[in-house]
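Chains as they are written, first to last, in the numbering used here: chain L, 1 to 704; chain E, 1 to 253.
What follows is a short report on a single structure.
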């Protein structure tokens, strides 16, 4: 097997290294980008510093004592101030001939007031203002010392019963990690997205378009050997790119921090010498920055030990593997080079928010974050730049990233074996899509499912949710009946889909109703146990659920109890089932092919439209069971009944004799779990028998 | 028989489209040293038939054997026995013809020395000369088509499946291709050729089938058909059968 994959791999790689675009992204970009970026940045910094030092800042003084002018001119460390006594200082400041204007108003009670006038929109003015403030404070301190000595015969210590100091307990290593880690981890992950981009497009969609894929498929090489070879080459390129990126980033930032440290050291040395009357009392790492406050000065050092680099590499490898697999899957799905670009651009956009979660203040690596693709690695890299990462989370990130990568690769293999994906041809799109006659009387497909999902999501987000905040009862009723049910029926009408067939509105047999009853109970209990499992993994969850969940008690103030019951049980059962098990599930089940994929996808959309990440596992589980019921029986009514039962149980759980039902912190008793499994099994058996409308009808989806 | 097709049937599953058979229970045989033409307008099912025989698509039902290998049981042996070339077959732009041919030689399981010898032999036969070691992106379409032909012949297949190999080629390049097809027949290859070019079909094919809407409307040796249909030329025969079929309502399986 590996011989053929190796041949494909070698050819792919040879083609890639002869492609200038890929070479540019792979080598030139990472190697040249960072040094150029930092060169430019440091040049600008140095230039600014020098220009600020060189230029003389003009200050207009009006009414100020003579010695203040002398103080400003003589005590300015490293800056050059020129004081001017001009007739119209306000106008001079407005015109920019002076950077700031200091006015002095004499008085006994209240005491004299010194005002620094500056322009907040001019860089020179803002800088001068900052520098002058500290000089003026020092001037005031000298006045105080003078008065204490002359009028009270005492010294400054009267005003300073104690000194305030700040000392950061973190080592400079951790400090550097904290500062740079965030930026570096983000860059590391974001750049990894771009390396497999072009090789993946070229390798699958590009080959389709150029007509070389067909020649490869007709050779005696197995499809999985081709995928393995292609994947290996994309992964290699992504890894080489990422390693170069890491090396270039490491070298550049080490060099940069070294430069910054030297500059800081010089600045701090001169500051210590000038400001501290007795250098021996000042500790090596602390220096007074303000009157009476002593602060540690920060040393930046990027100190990546081999062990840390190895750990970064260990995570970077499956991350590149994941991104390569996703890119290849999308590219395989695309019909042409251009289409692949359309698919892959959103991928980089999707990665961005996931990576940015790592930059949210307070975002830390925990059991939940570690499992989110992209976010987990970003947070782990941050920990690693700080010196270490907890082995448990390291394992979780590593394991989950490998899992997602393997899953994506598996999907790519499946796509490669699907002749309809490999040889599909473009269909004509028209804006007057509702008049597109081939749909008439036919069943909806994935694109209509996506359309309904998009419509439902947007209308729920922009109309349903605001309405629910305004008036919960009306909001729920409107979201469910108008947006969900109405939206589905509207799409059926626009496309002329026959409603009964599209939504599987076939009358169930009595045995199915019994099955759906048991399915509802079993599904609710298992979903409830999933919730408990979630809490075990993420202990902070109940509080988050409490904060994010809707408080339905307000409903009782808005509508009578009977109305609440209808709103929370029957209405969602009918409307949500119509959307998710009726339209979406049936659209995704394409004639006996991959019913399980359709089942899980429809459950995921069901969970997604509950707009709560925390409740996702619970709603997903429930969605799977409800979908299973509809697929097995062939009737939507089964889903509606089971959903209704589950809703009733959720609403009634606080009043049921089993405490654990209402409190997901407690696990269900073993007997109840056992019962739930039995109920599901029995209901599966009941629902499977005597499928509606007719099991021999080829248009009727079957679960095989 | 080098190619034997029995009740080959293919339906593309698309819930949004009415179920239409792209290839509807077709049957034909091709012997070694024979060129069999599949004649039909666009959308007749020619490409689908050839793709099924090349194991690129799975037939919905029916069977076929190529060089004695069953399509269902031995797809990899089938692939080893065929040289496949279509008008859409491309070459790798950033490889040289030699690299491409050697690449495919290796994929067909030839040893290094076998690949080298075979490549030299084919390059000489097709007078590739200085073009052999230039990147394909710098080659003319004619030379590229030659590279495609050489690629399909590298493993000396006994059966050739050619899907409109001269479509959108300029006249000189098309000539290279038709010359190659004749030479292959002389060497004893079994050739299945799809085309909608009547001149090409009548000058090349020993026998043919007229395919329309997935079904074979007429088939037999070229002279035999001409006699059967009252001395009509191939072109007249083609339009006669197609137009007759258009009046017949379509029946799917």
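The C-beta atom is built at its ideal place from N, Cα and C for all residues, glycine as well.
Just so we're clear, the structure is a prediction, and the values are computed from it rather than from any experiment.
Going by DSSP, residue 576 of chain L is part of the alpha helix (DSSP H) stretching over 571–577.
For residue 17 of chain L, the uninterrupted alpha helix (DSSP H) segment begins and ends at 2–17.
Look at the segment 46–76 of chain E: the residues with a C-beta under 8 Å from a C-beta of chain L are 51, 54, 55, 56, 57, 58 and 76. For residue 28 of chain E, the uninterrupted beta strand (DSSP E) segment begins and ends at 21–30. Under DSSP, residue 59 of chain L takes part in a beta bridge, and its partners are L:83 and L:100. Taking a C-beta cut-off of 8 Å against chain L, the contacting residues of the segment 98–112 of chain E are 99, 103, 104, 106, 107, 108 and 109, listed in chain order. About 13 Å separates the beta carbon of residue 39 of chain E from that of residue 240 of chain E, a gap too long to meet the 8 Å contact definition.
The alpha-carbon of residue 235 of chain E is positioned some 6 Å away from that of residue 198 of chain E. Secondary structure in the segment 336–364 of chain L: the alpha helix (DSSP H) runs of 4 residues or longer, each lying completely within the stretch, are 337–356 in chain order. For residue 418 of chain L, not one C-beta of chain E is nearer than 8 Å to its own C-beta. By the neighbour-count definition (other C-beta atoms within 10 Å, threshold 16), residue 671 of chain L is an exposed residue. According to the DSSP assignment, residue 119 of chain E belongs to the alpha helix (DSSP H) that extends over 112–125. Counting along the chain, no beta strand (DSSP E) covers residue 91 of chain E, and no H or E run does either. Looking at the DSSP output, residue 445 of chain L sits in no beta bridge, so it has no partner there.
Rounded to the nearest angstrom, the Cβ distance from residue 381 of chain L to residue 312 of chain L is 6 Å, consistent with a contact under 8 Å. Taking the Cα positions, residue 502 of chain L is about 43 Å away from residue 162 of chain E. Within chain L, 211 and 214 have C-beta atoms less than 8 Å from the C-beta of residue 86 of chain E, given in sequence order. DSSP lists E:161 as the beta-bridge partner residues of residue 84 of chain E. For residue 79 of chain E, the nearest beta carbon of chain L is closer than 8 Å to its own beta carbon. Remark: C-beta atoms of residue 316 of chain L and residue 242 of chain L approach each other more closely than 8 Å.
Three or more beta-carbon pairs separated by less than 8 Å link the segment 488–496 of chain L to the segment 566–583 of chain L, which places the two stretches in contact. If you look at residue 190 of chain E, you'll find it in the beta strand (DSSP E) that goes 190–195. The beta-carbon of residue 142 of chain E is placed no less than 8 Å from the nearest beta-carbon of chain L.
Sequence-distant partners of residue 619 of chain L (beyond 5 residues in either direction) whose C-beta falls short of 7 Å from its own C-beta, in its chain, are 606, 607 and 610. Here residue 46 of chain E is buried. Its C-beta has 16 or more other C-beta atoms within 10 Å. Contact note: residue 95 of chain E reaches chain L through 11, 14, 15 and 18, using a C-beta cutoff of 9 Å and chain order. The beta carbon of residue 7 of chain L falls within 8 Å of a beta carbon belonging to chain E, placing the residue at that interface.
Between residue 421 of chain L and residue 337 of chain L, the gap from beta carbon to beta carbon reaches 8 Å or more.
Distance from the Cα of residue 50 of chain E is smallest, within the candidate group E:4, E:93, E:128 and E:233, for E:4.
Note: residue 118 of chain L is bridge-paired with L:100 in the DSSP secondary-structure output. Distance from residue 100 of chain L to residue 144 of chain L at the Cβ level is roughly 24 Å; contact not present, criterion being Cβ atoms closer than 8 Å. With a contact defined as Cβ atoms closer than 8 Å, residue 69 of chain L and residue 104 of chain L miss out at about 10 Å. Residues of chain L whose Cβ lies closer than 9 Å to the Cβ of residue 91 of chain E are, in chain order, 210, 211, 212 and 215.
With the rule of 3 Cβ pairs closer than 8 Å, the segment 173–188 of chain E does not count as touching the segment 98–117 of chain E. Under the criterion of beta carbons closer than 8 Å, residue 154 of chain E and residue 122 of chain E qualify as touching, at roughly 7 Å.
If the five residues before and after residue 668 of chain L are omitted, its C-beta is found closer than 6 Å to the C-beta atoms of 529 and 660, all from its own chain and listed in chain order.
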